[in-house]
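Protein sequence lines correspond, in order, to chains D, A, S and H.
The opening residue of the first sequence carries number 782 in our numbering; numbering runs sequentially from there.
The opening residue of the second sequence carries number 782 in our numbering; numbering runs sequentially from there.
The opening residue of the third sequence carries number 782 in our numbering; numbering runs sequentially from there.
The opening residue of the fourth sequence carries number 782 in our numbering; numbering runs sequentially from there.
For every residue, glycine included, the Cβ atom is placed at its ideal position computed from N, Cα and C.
Source: prediction; values computed, not measured.
There are 4 protein chains.
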Amino acid sequence: MQILNQDTPIKGIIPPMVTPIDTKGKVDIQGVEKLVEHLISGGVHGVFILGTTGEFSSLDIAQKKELIASTCKFVNGRIPVLVGVTDVCLQGCIELSKFAERSGAYAVVAAPPYYMGIDQEELYHFYEQLANSIPLPLFLYNMPSHTKVSIDVETAVALSKHKKIIGLKDSSANGSYFQSLQFNFNDQPDFVLMVGPEEMLAETVLMGGYGGVCGGANLFPKLYVKLYQAAVENNIDEIIRLQKLVMSISQKIYQHGGYKSSYLKGLKTSLSFLGIIQAQFVPPLFPFEPNEVEELKVRFSKIASMIIE
Amino acid sequence: MQILNQDTPIKGIIPPMVTPIDTKGKVDIQGVEKLVEHLISGGVHGVFILGTTGEFSSLDIAQKKELIASTCKFVNGRIPVLVGVTDVCLQGCIELSKFAERSGAYAVVAAPPYYMGIDQEELYHFYEQLANSIPLPLFLYNMPSHTKVSIDVETAVALSKHKKIIGLKDSSANGSYFQSLQFNFNDQPDFVLMVGPEEMLAETVLMGGYGGVCGGANLFPKLYVKLYQAAVENNIDEIIRLQKLVMSISQKIYQHGGYKSSYLKGLKTSLSFLGIIQAQFVPPLFPFEPNEVEELKVRFSKIASMIIE
Amino acid sequence: MQILNQDTPIKGIIPPMVTPIDTKGKVDIQGVEKLVEHLISGGVHGVFILGTTGEFSSLDIAQKKELIASTCKFVNGRIPVLVGVTDVCLQGCIELSKFAERSGAYAVVAAPPYYMGIDQEELYHFYEQLANSIPLPLFLYNMPSHTKVSIDVETAVALSKHKKIIGLKDSSANGSYFQSLQFNFNDQPDFVLMVGPEEMLAETVLMGGYGGVCGGANLFPKLYVKLYQAAVENNIDEIIRLQKLVMSISQKIYQHGGYKSSYLKGLKTSLSFLGIIQAQFVPPLFPFEPNEVEELKVRFSKIASMIIE
Amino acid sequence: MQILNQDTPIKGIIPPMVTPIDTKGKVDIQGVEKLVEHLISGGVHGVFILGTTGEFSSLDIAQKKELIASTCKFVNGRIPVLVGVTDVCLQGCIELSKFAERSGAYAVVAAPPYYMGIDQEELYHFYEQLANSIPLPLFLYNMPSHTKVSIDVETAVALSKHKKIIGLKDSSANGSYFQSLQFNFNDQPDFVLMVGPEEMLAETVLMGGYGGVCGGANLFPKLYVKLYQAAVENNIDEIIRLQKLVMSISQKIYQHGGYKSSYLKGLKTSLSFLGIIQAQFVPPLFPFEPNEVEELKVRFSKIASMIIE
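Below you can see the structure in the form of structure tokens.
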């Protein structure tokens, strides 16, 4: 089913897909199909399922497999599917990677094991064992706010020598760290550096980055694709114009309600306004209060009206 | 199989059992049996499997079930078995709890979901849903260094109203926090407050605590049982004498090698010196270097010779 | 003026004195006198001025000198005066230490320089230079929540070899750390280990500690002196009784209003209810809102009525 | 002496000047003069003294005043002088600001008070009181790694309404935060947003930022000025070329030796290779070991040879 050539580095907008959930707490297959079509018709260059935005940590293995299988089926080879296999248990990462390969995924993505405090050497060995044991290429996933450990630049460079390790997604929001990555991987153009926070998409692409894993692209895929294109083309006026829209989403939707989980609540609830998914979550998250939903709807409408896709 | 009356609060030394692993990475059943006998003959008041010391996060579900079943079988109702069911996925916690119940466990223990940053309200609801869905009593497990979220005293008090929630194990090492717990639960003598760090066992029992989940009790169960008894009896001279031995272990064994994982490496490697388990680990941990093992052996021998059990 | 023998280790309750401020933002000398008499008549074993509770960081050098001079004058050698000289600038620490010596202080207390991130080796050298340059004995002051750096046990041990360095006050609230200190200083009975958080006073004295730097002793000195005595005498029943009062203060007064600075606001405002000082602060702190003061007054009255001194 | 019009927002490269120190620990006035000429001849758009790079926290008030007076004298109105007045004591900030004004400085720069943990409301009032009390315009200085508190975007926006507060320097390295600032200050073009980490200079200027407070500009002012110009002109090829040089400095010089203070040690020691200052520091920092100096010299020579200014 896979039509992509893994020798060409992936670039562009790879939304970290939210996981559609129904009112019974199950994966909403219809929602997956709608969301996949929404994203592909929006021109995204790939999808990344089972990331932080995909609530990977809260789903059980059956839900994860259902999501992988259904996403790969609906995508049907039109764009690459990246599958998050992050797990505190190495064996869990490996098993999910094998399932992803059988389902037709393009690559897997793994953040460090996130319970124990570990050293860089332990981190290196964990990734090496993982890369040795899986049938698909692997992206490293730097997410220190959630995993407590950062993938040091030196560790990333050492790991990049492994032929299975093809890129790194950085969600640290640390601009100096990302520039250090770009500097150190300058002579490895096949190693893909993607940025997590969408607020930093344009600037990192301007500086040579490969694209972004932008949560907001679940909502407005065309907006982020356009911003990426403007950055590739070094079209500063267009970047400035689009960046304001991206920042409006960041400011008005992702901080709504003042929860630690406002980003995810705002994103999924806004997608429900578009009729694509239901505003349902997996524990420990739960929906906004009704009045919060109403307030968000007003905010969302204003932003949506500014974004004529 | 369960012979304990759950209406009597558990007290004393409940070692967080290390998980014996063989050279192939599997649960070493013979090691489990030896360790269980070592602990019970040492007079411990219960065992806690699949805690942080038990490398719970690194084991897959099959390994966890094997450990639960074999531990319960070997213990055979002589002491209560507490089972760690901590999982980022609520459904995972519930399933493991049901398995623990079928295996004859006394209670389950759960730390907060540890990937996403969550608020106290989300934490409360997570625990409430868990308590509503499981057949065994539940201990809360405060471990902020690993889970990033602390169980606020107010949250613990609110949760204690749930009849299934019977206690809290605090591994924060924060003495003020533990005293706040004791103060707030003063009028709920059935709610069990256990301390994690063994360095704080004696003082917290002196002040009214119920006991400790002492990692070092894997090695020298009698030492910690004696220290607990001395604290119950307010025998300060004996406490001071035994505390020095406990601190020697803490200082010489748990910090050996200067790794973030030195505690666990030192503990399991020392247990291998006693011939009880092998010095094997699950990724992301790996054994000491041979020279580190030799140095530890010297340190261990000195301490062991001081502890005439 | 100094009547104490510095060869006898200081022990007991050493309140971290709040700094009385008048409505013009100046040191309230009359308040200093009243507070000093309140403390001495309450039986405290010393006073510690210009600590965190004394708002040292917010006072200018003239205010600090005025407080040192007036406190030493009012105390008049009846109890030892410890003077906080913590400063990010070594020269500032030295100058204040010299002034403290001329004013008749017993010793100085210094937390690590708290702006730059520094290593233990830099920390060691800083303290060594300080100890070499001052005319009074020096207490180390561990306060990692405020200084970002912790004084490692090894560093404390190395520094204790300096004849000017006579003790350590630990405000980390980390019970394992404090026990590690006690274990490592076991054979240096002249090295004074005092605990900061008053919630931990009783237990650390039971385990061999020298006493506490209890903020609440500003309010109710006799209560803390009694608790200290009960701990010295290993009178558990009395400890349990008094600990509840101490915890009531901690819970009802120090967390009032939910500010990061609630401890200090609650403490000074309560002292104003006793007519000892005014509820005035130095920036960046400012007084409670009037309704918050009223609510606190109710809480305070309840607690005060339980504490018949 | 001031020749600049404060109504025109400052832009470009404003090096955070290191403080030249002699072997006796005093401000090295000759070094100040040499450094000022080096910077001005390098085309910088201003200098910022007494920042973190200037070791402000470690200097006493006399040293600070000497540095302010001498810098202003040597600069002699050719470029704006920004003076760091960060102090935990509000009165200290105010006094230094008045001295800066009398010396001919252009503006002052203040990070939050950095000892106590404070809330945003307290932070707001602190800055408001400061701005009300000083004769010069004020830049906010966000430096959460050192001050523990971040200046929330909302707080910065609220403070920007004060006519004395004219800009913000962000040293958080958080790219999302900086973009949030730019978005929120989009309609206030007179409010100057400068970035601290030099690794992020080019990208933030491309996105509309005003320039950078680049430590490396002490060494190679022309390099950073050129990079700034390239960013202003949207000359991506030139940016990519110069960014590599900037990153070489960041990687090879600022991390030398693996100290927490490696940045400052590497920077000042490299400046000594240029014969501009001596490699002297104020406690708690101290010089590299001789072998570390030799290794750095080799690294530095390689980089310097690549940078033909």
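Alpha helix (DSSP H) segment containing residue i, residue limits
i, result
"H/F829", "Careful: H/F829 lies outside any alpha helix (DSSP H), inside the beta strand (DSSP E) at 828-830."
"D/H1072", "What sits at residue 1072 of chain D in the sequence shown is Asn, not His. Taken as a continuous stretch (DSSP letters only), the alpha helix (DSSP H) holding D/N1072 covers 1071-1087."
"H/K815", "810-822"
"A/I875", "871-884"
"S/D1018", "1017-1033"
"S/S749", "The displayed coordinates of chain S run from 782 to 1090. Any statement about residue 749 of chain S would go beyond what the structure contains."
"A/N1091", "Residue 1091 of chain A lies beyond the residue range present for chain A, which begins at 782 and ends at 1090; the question has no answer from this structure."
"H/H943", "Element bounds for H/H943: n/a, residue is neither H nor E."
"S/L840", "Where S/L840 is concerned, there is no enclosing alpha helix (DSSP H), given that its DSSP letter is neither H nor E."
"S/L987", "982-987"
Limits of the unbroken beta strand (DSSP E) element including residue i
i, result
"S/N999", "No beta strand (DSSP E) holds S/N999; DSSP gives it neither H nor E."
"D/M975", "973-976"
"H/A891", "888-891"
"H/L863", "862-865"
"H/G948", "946-951"
"S/N857", "Premise fails: S/N857 is in no beta strand (DSSP E) and is neither H nor E."
Residue i: contacting residues in chain A (beta-carbon distance under 7 Å)
i, result
"D/L987", "In chain order: nothing, as chain A lies at least about 30 Å away."
Distance between beta carbons of residue j and residue i, contact taken as under 8 Å
i, j, result
"S/G993", "S/I794", "6 Å"
"S/M897", "H/S838", "6 Å"
"A/P1002", "A/G827", "About 11 Å separates the two Cβ atoms, so there is no contact after all."
"H/I1084", "H/V799", "Not quite, the Cβ-Cβ distance comes to about 17 Å (not below 8 Å), so this is no contact."
Neighbouring residues, chain D, relative to residue i (Cβ below 7 Å)
i, result
"H/P978", "G956, S957"
"H/N1015", "N1015, I1017"
Contact list for residue i against chain S, beta-carbon separation under 8 Å
i, result
"A/A983", "M988"
Beta-carbon neighbours of residue i, restricted to chain H and to distances below 9 Å
i, result
"S/M897", "T833, E836, S838, S839, H927, K1041, S1042, L1045, P1065, L1066"
Within chain A, partners of residue i - CB distance below 8 Å
i, result
"S/S961", "E980, M1028, S1031, Q1032"
Chain H contact residues for residue i, given Cβ-Cβ distances below 8 Å
i, result
"S/H906", "P1064, P1065, F1067"
Coarse secondary structure for residue i, derived from DSSP in three states
i, result
"D/N965", "helix"
"D/L919", "strand"
"A/G993", "strand"
"A/G793", "strand"
"H/I932", "coil"
"A/T800", "coil"
Within chain S, partners of residue i - CB distance below 9 Å
i, result
"A/Q1024", "Q960, Q963, F964, M988, G989"
Amino acids of chain H, ordered along the chain, whose beta-carbon sits closer than 7 Å to that of residue i
i, result
"S/D900", "Y1040, K1041"
Beta-carbon neighbours of residue i, restricted to chain S and to distances below 7 Å
i, result
"H/Q910", "P1064"
Within chain D, the residues that residue i reaches when beta carbons sit closer than 9 Å
i, result
"A/E903", "Y1040, K1041, S1042, P1064, P1065, L1066, F1067"
"A/P894", "S838, S839, P1064, P1065"
Proximal chain D residues relative to residue i, where beta-carbon distance stays under 8 Å
i, result
"H/I1021", "M988, G989"
Interface positions of the stretch 964-975 of chain A facing chain S (Cβ-Cβ less than 9 Å), listed along the chain
Answer in chain order: F964, N965, N967.
Just by C-beta distance, which residues in the stretch 859-872 of chain H are closer than 7 Å to chain S?
Residues are counted here when their Cβ sits less than 7 Å from a Cβ of chain S; for the stretch 859-872 of chain H these are V869, C870, L871, Q872, given in chain order.
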